[in-house]
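Engineer:
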Amino acid sequence: LRQMREYIGVVRRLLALEDGVTFESDLINVRDLTLDLGHDDPRIAPDVKIFIGATGPKMMELTGELADGVLMNGILPPTHTRSSIQRLAAGAALAGRSLDDVEKLQLVNVSMNKDTDVARYDAKRLVTQYLGQQSHFAKALSFPNDKLNEIKVVMGGWPPKPGGIESAMKLVDDALVDDLIAHGTPEQCRTSAQRWLDAGLDQIVLIPLSRNYDEILEVFA
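The numbering of the sequence shown is this note's numbering, which starts it at 1 and goes up by one.
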């Protein structure tokens, strides 16, 4: 948290075109640094917004306090989004800011297929892989440790053993997949994705699991 706070402070000084930025700590060391805008370009401070890809509650509060916006991780349910926005608001209040001063975006994974079984399979495969390999997601979901360890054993670590993800998928409930991924027919995907917007986001950032990119763009346009 302190490193992020110090890093943002240095970046803002550079973006303000301060000359000879120096900052020294046990985490960050910058000496006599000036932002180069290019040969003969006028030195006009660029309007660059700082977003933090926060997941945990403390980093979310720091984001509300210091950043211009947040890009929340995907594969997290709308309930997590709501609680995260509460943390953003708390952080914003510390700095005398409004929650409206912080742009709120989140990644939303989409598995769109008229064959809903195929769409669910692809969605469950991703959720299983993340549970087995990205422990911070499991922590954010309060996923049971005993079941998580079982998934890791069945998958076989990283890289997973052949067929490991597919075998571990049997340990992941459909209800969890439904909560974490927008999947199914085009209409089902739109309805599911709306849940994150209803939780208080300004925008969602779509991450397609299927390769029908044009169709997904058309459905969500």
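From the three backbone atoms N, C-alpha and C, an ideal C-beta is built for every residue, glycine too.
Identify the continuous beta strand (DSSP E) that holds D32 and give its terminal residues.
Structural biologist: For the purposes of this step, residue 32 is taken as residue 32 along the sequence shown, with counting starting at 1. From DSSP, the beta strand (DSSP E) with D32 extends over 29 to 33.
Engineer: For I44, count neighbouring Cβ atoms within 10 angstroms of its own Cβ and tell me buried if that reaches 16, exposed if not.
Structural biologist: Locating residue 44 in the sequence shown gives position 44, counting from the first residue. Result: exposed.
Engineer: I'd like the list of long-range same chain contacts for G200, defined as Cβ closer than 7 Å, with 5 residues on each side in sequence excluded.
Structural biologist: In the sequence shown, residue 200 corresponds to position 200, counting from 1. Closer than 7 Å at Cβ, skipping near neighbours: T81, R82, I85, K104.
Engineer: Can you give me the Cβ contacts of I207 inside the same chain, cut-off strictly under 8 Å, excluding the 5 residues immediately before and after it?
Structural biologist: Locating residue 207 in the sequence shown gives position 207, counting from the first residue. So the qualifying residues of the chain are G74, L107, V108, N109, V110.
Engineer: Hey, out of A193, P159, D41, whose CA is closest to D179's CA?
Structural biologist: Locating residue 179 in the sequence shown gives position 179, where the first residue counts as 1. With distances taken between Cα atoms, D179 lies closest to A193.
Engineer: In its own chain, which residues sit with a C-beta less than 6 Å from the C-beta of V10, not counting the 5 before and 5 after it?
Structural biologist: One-based indexing of the sequence shown puts residue 10 at position 10. Within the same chain, V10 has close Cβ partners F23, V30.
Engineer: Entirely within the stretch 68 to 126 and at least 3 residues each: give me those beta strand (DSSP E) ranges in chain order.
Structural biologist: 69 to 72, 103 to 112
Engineer: Which stretch, first to last residue, makes up the beta strand (DSSP E) that contains P232?
Structural biologist: Residue 232 lies beyond the residue range present for the chain, which begins at 1 and ends at 221; the question has no answer from this structure.
Engineer: Looking only at C-alpha atoms, which of N145, A123, K114, P159 sits nearest to Q133?
Structural biologist: In the sequence shown, the residue the question calls residue 133 occupies position 133. Comparing Cα positions, the closest option is P159.
Engineer: Spatial neighbours of R13 within its chain, please: C-beta separation below 6 Å, excluding the five flanking residues on both sides.
Structural biologist: Residue 13 sits at position 13 when you count from the first residue of the sequence shown. Cβ neighbours of R13 beyond the five flanking positions: V21.
Engineer: Check this for me: beta carbons of I216 and L126, under 8 Å apart or not?
Structural biologist: Counting from one through the sequence shown, the residue named residue 216 turns up at place 216. Counting from one through the sequence shown, the residue named residue 126 turns up at place 126. One thing to note: I216 has its Cβ no nearer than 8 Å to the Cβ of L126.
Engineer: Cα-Cα, which of P46, T79, F51, Q129 is closest to E18?
Structural biologist: By 1-based counting over the sequence shown, the position of residue 18 is 18. Distance from the Cα of E18 is smallest, within the candidate group P46, T79, F51, Q129, for P46.
Engineer: Look at the alpha carbon of V177 and the alpha carbon of W196, and state the distance between them as a whole number of angstroms.
Structural biologist: Translated into positions along the sequence shown, residue 177 becomes position 177. Translated into positions along the sequence shown, residue 196 becomes position 196. The C-alpha of W196 is placed about 15 Å away from the C-alpha of V177.
Engineer: Between the alpha carbons of T116 and Y130, how many angstroms are there, rounded?
Structural biologist: Indexing the sequence shown from 1 puts residue 116 at position 116. Indexing the sequence shown from 1 puts residue 130 at position 130. Cα-Cα distance, rounded: 21 Å.
Engineer: What residue range is occupied by the uninterrupted alpha helix (DSSP H) comprising H136?
Structural biologist: Your numbering for residue 136 matches position 136 in the sequence shown. First-last of the alpha helix (DSSP H) with H136: 135 to 140.
Engineer: Could you tell me how far apart the beta carbons of D122 and L209 are, in whole angstroms, since I believe they sit closer than 8 Å?
Structural biologist: Your numbering for residue 122 matches position 122 in the sequence shown. Your numbering for residue 209 matches position 209 in the sequence shown. Their Cβ separation, rounded to whole angstroms, is 5 Å, which keeps D122 and L209 in contact under 8 Å.
Engineer: Grab the span of the alpha helix (DSSP H) containing T22 for me, first residue to last.
Structural biologist: Along the sequence shown, one-based indexing puts residue 22 at 22. Note, T22: premise wrong, no alpha helix (DSSP H); beta strand (DSSP E) at 21 to 24.
Engineer: Going by C-alpha distance, which of D202, R2, V118 is nearest D26?
Structural biologist: Counting from one through the sequence shown, the residue named residue 26 turns up at place 26. For the residues D202, R2, V118, the minimum Cα distance to D26 belongs to R2.
Engineer: Whole angstroms is fine: what's the gap from D68's alpha carbon to I204's?
Structural biologist: Here residue 68 corresponds to residue number 68 of the sequence shown, with the count starting at 1. Here residue 204 corresponds to residue number 204 of the sequence shown, with the count starting at 1. Approximately 16 Å, taken between the alpha carbons.
Engineer: Would you call the stretch 47 to 66 and the stretch 85 to 97 in contact, with 3 or more CB pairs under 8 Å?
Structural biologist: Cβ pair count under 8 Å is three or more, so yes.
Engineer: Take the Cβ of K152 as the centre, count every other Cβ of all protein chains shown within 10 Å, and call the residue buried at 16 or more, exposed below.
Structural biologist: As a first step, residue 152 must be located in the sequence shown, where it is residue number 152. By the 10 Å Cβ count, K152 comes out buried.
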